[in-house]
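> Take the sequence shown: its position 302, counting from 1, is numbered 302 in full-length UniProt numbering, and each next residue is one higher.
In this text, a Cβ means the ideal position worked out from N, Cα and C, and glycines have one as well.
All figures in this text were calculated on a predicted structure; none of them were measured in a lab.
Mind having a look at this structure? Questions to follow.
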Amino acid sequence: MLLNLSILTLNVWGIPFPFISKDREARIAAIGLELSSGKYDIVSLQEVWSRKDCETLKNATESVLPYAHYFYSGVIGSGLLVLSKYPILSSFFHPWSVNGYFHRIQHADWFGGKGVGLCRILVDKHVVHLYNTHLHAEYNNNNDDYKTHRVIQAFDTAQFIRATRGDSVLQVLAGDLNAQPHDLTYKVLLYTSKMKDCCNSKNIVTNEYQKNSYTASNTINNMSPGVHIDHIFARSPENIALSIIDYGLPLTEPVPGQNFSYSDHEAVLAKLHLRDADHNIGEGACIVTSINKEHHISEEAALKADGCLISRRVAVLHESISLCETSLDQLNIDRIFYYSVALILAFILVVFLEYPSPLGFRTLCIILKLFISGGLLFCIFMASVWNYMEWNGVLSGKVAMELMLRSIEVFESVPKN
């Protein structure tokens, strides 16, 4: 077997609301033109939240990437689009149990019904699995309300990948993970999926890149290094040698003839090479980090590497479980808070209903009653239905993590400190 694949991922910044995604239509057209160049075999796109943009990209690339699949979900769609040179045999979308909050309209993640999408692609009689995903955004570095949601999403995605590997010769996760390599979210996804990060450089920046036209001027003036949150992970079975012959950012220059970039994110490109393994070197162990440079792992080194990975997996699981427990405690506090506010609003509403409205203020009193009634219903909903939905979602993730932790301790050799 001999396969070469060029895989690109890009968050296209396609929010279909005025004044949010700047130059959206022009950028989508430019992205379609670039993708129609024939340089890429499989393309994984995020934030394609407009059906018009989806059709534009499909039509622009149909001559070289004739197979396409969009993952419909939620209110506005998942935003996930896969374009492929090779036939897409089947697809499956797995929504996450926790995905932000519906009442925070300024953070539209919940409305997208986010999750992880799988496309089974037939490449020269071999099945390749492409996983496209876009984890919940961070929004606030200092007070990240969504950290637990994002960690559970990462763990859920990793388990989905492991559960659906099947007969594939290659599994590739390509998307906007909203997580940097030092983040718990990134570590949970990487270590529990047992995949390899195709990037071997610490200097890759995919968001707030200095040369990107949409990077805020204050970020540039402060010489912020930017963040690496768009990733490509890969994994192959032990009988397949996986090599990474190239990895980089192919679209750092502005759109030709324009003064703006393709997106506020940078595209990431990975060129992969697969062949039959000469001997058993372990799953995904043979990785080429530069062209024509390949390192083989000895049995002793492989055992040490496995032990190190197990230790890291155990550590991130303990940290994730602790995070979930903190979130469950906070949900108890939130439930009490919303019920308390609901009681106060109910008392105020009863007082309003008990006494007649003063002359000349009848309209104002009616408006106040409506607002109080709306607030009362909202608090009851948040304290009951929504609180228990989030509770079950977080608890589900915590229980699954504990199960994995026990299985590692029983069936794998956990190195002693």
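1. Among His149, His94 and Asn200, which residue has its Cα nearest to the Cα of alanine 163?
2. Would you decide whether glutamine 171 is buried or exposed? Buried here means 16 or more other CB atoms lie within 10 Å of its CB.
3. Taking contact to mean at least 3 C-beta pairs separated by less than 8 Å, is the segment 146-154 in contact with the segment 315-329?
4. Under 8 Å Cβ to Cβ from asparagine 280, same chain only, skipping five residues before and after it: list those, please.
5. According to DSSP, is cysteine 119 helix, strand or coil?
6. For glycine 38, name the three-state secondary structure that DSSP assigns.
7. Whose C-alpha, out of Lys22, Val82, Tyr191 and Leu242, is nearest the C-alpha of leucine 309?
8. Go ahead and label residue 418 buried or exposed: buried means 16 or more other beta carbons lie within 10 angstroms of its beta carbon, across all protein chains shown.
9. Considering only DSSP beta bridges, list what alanine 174 is partnered with.
10. I'd like to confirm something about glycine 226: is its beta-carbon nearer than 7 Å to some heavy atom of the ligand MG, or not?
11. Could I get the ranges of all uninterrupted alpha helix (DSSP H) runs contained in the segment 349-385, with 4 residues as the minimum, in chain order?
12. If we count the other Cβ atoms within 10 Å of its Cβ and call it buried at 16 or more, is glutamate 409 buried or exposed?
13. Within 10 angstroms of the Cβ of threonine 363, are there 16 or more other Cβ atoms? Answer buried if so, exposed if not.
14. Buried or exposed: tyrosine 318, going by 16 or more other Cβ atoms within 10 Å of its Cβ?
15. Determine the direct distance from the alpha carbon of threonine 56 to that of valine 116, and round the result to whole angstroms.
16. Going straight from the alpha carbon of alanine 400 to that of serine 37, what length do you get?
17. One question on the structure: do isoleucine 42 and serine 91 come within less than 8 Å of each other, judged by their Cβ atoms?
18. For the beta strand (DSSP E) that tryptophan 96 lies in, which residues bound it at each end?
19. Candidates Phe155, Ile105, Asn178 and Gln153: which alpha carbon is nearest asparagine 141's?
20. If you draw a straight line from the C-alpha of asparagine 203 to the C-alpha of isoleucine 348, how long is it?
21. Quick check on the burial criterion: 16 or more other C-beta atoms within 10 angstroms. Buried or exposed for residue 419?
22. Taking the C-alpha atoms as reference points, what is the distance between aspartate 167 and valine 127?
23. Sorted by chain position, which residues of the same chain lie with C-beta nearer than 8 Å to valine 227's C-beta, five sequence neighbours on each side aside?
Let's see:
1. Here residue 163 refers to the residue found at position 163 of the sequence shown. Nearest of His149, His94 and Asn200 to alanine 163, Cα basis: His94.
2. Indexing the sequence shown from 1 puts residue 171 at position 171. Buried, since its Cβ has 16 or more Cβ neighbours within 10 Å.
3. yes
4. Residue mapping note: residue 280 aligns to position 280 of the sequence shown, counting from 1. In this prediction, asparagine 280 has a pLDDT of 47, which is less than 50 and means its spatial position is unreliable; what the coordinates show is noted afterwards. Taken in chain order, the residues that qualify are Glu238 and Asn239.
5. Walking along the sequence shown from the start, residue 119 turns up at place 119. Strand at cysteine 119.
6. In the sequence shown, residue 38 corresponds to position 38, counting from 1. Coil.
7. Taking the first residue of the sequence shown as 1, we reach residue 309 at position 309. Out of Lys22, Val82, Tyr191 and Leu242, Tyr191 has the C-alpha closest to the C-alpha of leucine 309.
8. What the structure shows of the chain is the stretch from 1 to 417, and residue 418 is not part of that stretch, so it cannot be assessed.
9. Working through the sequence shown from its first residue, we reach residue 174 at position 174. In the DSSP output, where bridge partners are listed per residue, alanine 174 has Asn132 and Ile232.
10. In terms of ligand content, the structure shown is empty, and the ligand MG therefore cannot be addressed.
11. 362-381
12. Looking up residue 409 in the sequence shown gives position 409. So glutamate 409 counts as exposed.
13. In the sequence shown, the residue the question calls residue 363 occupies position 363. Under this definition threonine 363 is an exposed residue.
14. Along the sequence shown, one-based indexing puts residue 318 at 318. Residue identity check: residue 318 is histidine in the sequence provided, not tyrosine. It counts as exposed.
15. In the sequence shown, residue 116 corresponds to position 116, counting from 1. In the sequence shown, residue 56 corresponds to position 56, counting from 1. Answer to the nearest angstrom: the Cα atoms are 23 Å apart.
16. Start at 1 with the first residue of the sequence shown, and residue 400 comes out as number 400. Start at 1 with the first residue of the sequence shown, and residue 37 comes out as number 37. Cα-Cα distance, rounded: 44 Å.
17. Here the question's residue 42 lines up with position 42 in the sequence shown. Here the question's residue 91 lines up with position 91 in the sequence shown. No, these two residues do not count as a Cβ contact at 8 Å.
18. As a position in the sequence shown, residue 96 is number 96, starting the count at 1. Counting along the chain, tryptophan 96 falls outside any beta strand (DSSP E), and DSSP gives it neither H nor E.
19. Walking along the sequence shown from the start, residue 141 turns up at place 141. Of the candidates Phe155, Ile105, Asn178 and Gln153, the one whose C-alpha sits nearest the C-alpha of asparagine 141 is Asn178.
20. For the purposes of this step, residue 203 is taken as the residue at position 203 of the sequence shown. For the purposes of this step, residue 348 is taken as the residue at position 348 of the sequence shown. Cα-Cα distance, rounded: 58 Å.
21. No statement about residue 419 is possible, as the shown extent of the chain runs from 1 to 417 and does not include it.
22. Looking up residue 167 in the sequence shown gives position 167. Looking up residue 127 in the sequence shown gives position 127. Each residue's Cα considered, the two are about 7 Å apart.
23. Start at 1 with the first residue of the sequence shown, and residue 227 comes out as number 227. Excluding residues within five positions, the ones whose Cβ falls inside 8 Å are Gln180, Val205, Thr206, Asn207 and Glu208.
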